[in-house]
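A.B. asks: In this text, residue positions in the sequence shown follow this note's numbering: the first is 82, and each later residue adds one.
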Amino acid sequence: MSVQPLRGGRTLALALALAAVVASAGAAPRQPSSDEQVVETLPGGPGATEARRRLRAGRGANAADPKVAVEAASAYLGLARTQGDARYAGQALAALRHWANLPPDQTPPEVLVMRATVQQFIHDFDGAEASLKAALARQPGNAQAWLTLATIRRVRGRLAESDAACQATGRTGPAVYGIACLAENAALRGRHDEARASLRTLLQEPALRGAAQAGLRQWLWTTLAEVEELAGRPADADAAYREALPLGEDGYLRLAYADFLLQQGRAAEVALLLAAEPRSDAVLLRLAIAETRSAPRNGSSREELTRRFDAAAQRPEGAVGHAREQAMFALDVQGDARQAVALARQNVALQREPIDLLLLARAAMAAKDDIALAELRRLRDETGMKDARIDALR
């Protein structure tokens, strides 16, 4: 079977373009009155034509075909990830609209899993968990559903529950996914040697050495790089990232490595790393941070991102935003530590990955905010997460 590894917040990095989708997450989705009605006009770009072809195929007589609908939704979600445009995520949900008002027991499991994947992307984690649980109640052997559930629980800092879903992933799908899933959780708890050994053992498997497994190897190398970051071993993290980069194009990987380079004081390398990436808000943010550190008064990325933030603030949904990226912008581009603290605290109420706790730590220390530092200590105790980078800030 095919199982796709999913990432948490950084894979889902959107920023302000996501605001409209997040704002409407609790409301009934807007449904076109007919297949001909134009709801919005999406930008073009690589893959857009194919995605639209798939969506058209899902209309009319094929609207109730789960395979066609899931393929269309997947194509649009892929565009949302690569282009950083949340409107494509809305189109992904539109591709599944035939089942929008049907109860879970009348919705095919594959549609529920696809819906959950889109919900995860727009940070509707409660909705995603509900969709996955409904799918697993009818199809308990669905490894993709278990792996997605493990990822969501990890993002929310519920590691024991994530472990259980990781174990189910290993029982129902290829063992590599369950092992790597558990290794990620072990690293978050500070068991770096255990995580490192598990991942390196997987990378030495002969079955994973072929060209067809390059994407899986890239995922494992990226995970290992993040383990080494948590362990406070930047040289080893850098080596793992460099092993991952040649194995294929992956936006998550390049953003993760860009964050690493910025943390290591290597801002000058970020522009080349992200040169070929679509100018999503997440990419522009890293470029703006790099520009700010090398030329504090200038920078086209900083200016463009500022315009996007200002424009979003004028829209009714603009205040919702994406708190992680907004906090990074406030702290690392604008130098507004107090605003960064407020946004970072808003962010950790939703997601608690290492990047989120590290961001809260940096903002709280820059602002000398004792209340935020106390919240950070509470969250670290509550989640059990260990991060040498946070410890080094003291």
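Glycine is no exception: its CB is placed at the ideal position from the N, C-alpha and C atoms.
By how many angstroms is the C-alpha of Asp207 removed from the C-alpha of Trp180?
C.D. replies: 19 Å
A.B. asks: Between which two residues does the alpha helix (DSSP H) carrying Trp302 extend?
C.D. replies: Ala295 to Leu311
A.B. asks: Going by the CB atoms, is the gap between Ala154 and Val84 shorter than 8 Å?
C.D. replies: no
A.B. asks: Our contact map puts Lys467 next to Leu311 with C-beta atoms below 8 Å; I'd like the distance itself, whole angstroms only.
C.D. replies: 7 Å
A.B. asks: What residues in its chain sit with their C-beta under 8 Å from that of Arg458, if we drop five residues either side in the sequence?
C.D. replies: None.
A.B. asks: To the nearest angstrom, report how far apart Gln172 and Tyr157 are at their CA atoms.
C.D. replies: 6 Å
A.B. asks: Enumerate in chain order the residues of its own chain whose CB-to-CB distance from Ala321 is below 7 Å, with the five nearest sequence positions on each side excluded.
C.D. replies: Trp302, Leu305, Ala306 and Glu309
A.B. asks: DSSP three-state label for His273, please.
C.D. replies: helix
A.B. asks: Within the same chain, show all residues whose beta-carbon is closer than 7 Å to that of Ala469, passing over the 5 residues directly before and after it, in chain order.
C.D. replies: Leu311, Ala312 and Gly313.
A.B. asks: What are the start and end residues of each continuous alpha helix (DSSP H) run of 4 or more residues lying completely inside the stretch 213-290, in chain order?
C.D. replies: 224-236, 240-253, 256-269 and 273-284
A.B. asks: Starting from Ala473, trace the alpha helix (DSSP H) both ways and give me its first and last residue.
C.D. replies: Taken as a continuous stretch (DSSP letters only), Ala473 belongs to no alpha helix (DSSP H), as it is neither H nor E.
A.B. asks: If Asp340 sits next to Ile471, beta carbons under 8 Å apart, how far is it from one beta carbon to the other, in whole angstroms?
C.D. replies: About 14 Å separates the two Cβ atoms, so there is no contact after all.
A.B. asks: Within 10 angstroms of the Cβ of Asp331, are there 16 or more other Cβ atoms? Answer buried if so, exposed if not.
C.D. replies: buried
A.B. asks: Below 7 Å CB to CB, which residues in the same chain sit around Ala215 once its five sequence neighbours on both sides are set aside?
C.D. replies: Pro185 and Leu193
A.B. asks: With distances taken Cα to Cα, identify the nearest neighbour of Ala421 among Met409, Gln201 and Asp317.
C.D. replies: Met409
A.B. asks: Do Ala376 and Leu343 have their CB atoms nearer than 8 Å?
C.D. replies: no
A.B. asks: Would DSSP call Glu463 helix, strand or coil?
C.D. replies: helix
A.B. asks: Helix or strand or just coil, what does DSSP make of Arg360?
C.D. replies: coil
A.B. asks: Which runs of the beta strand (DSSP E) spanning at least 3 residues fall entirely within the stretch 138-202, listed in chain order?
C.D. replies: none
A.B. asks: Please return the same chain residues whose Cβ sits closer than 6 Å to the Cβ of Val364, not counting the five positions on each side in sequence.
C.D. replies: The beta carbon of Val364 sits closer than 6 Å to the beta carbons of Leu355 and Glu358 from its chain, once the five residues preceding and following it are set aside; these are given in chain order.
A.B. asks: Excluding the 5 residues preceding and the 5 following Leu284 in the sequence, name in chain order all residues of the same chain whose CB lies nearer than 8 Å to its CB.
C.D. replies: Arg298, Leu301, Trp302 and Leu305
A.B. asks: How would you call Asp451, buried or exposed, if buried means at least 16 neighbouring beta carbons within 10 angstroms?
C.D. replies: exposed
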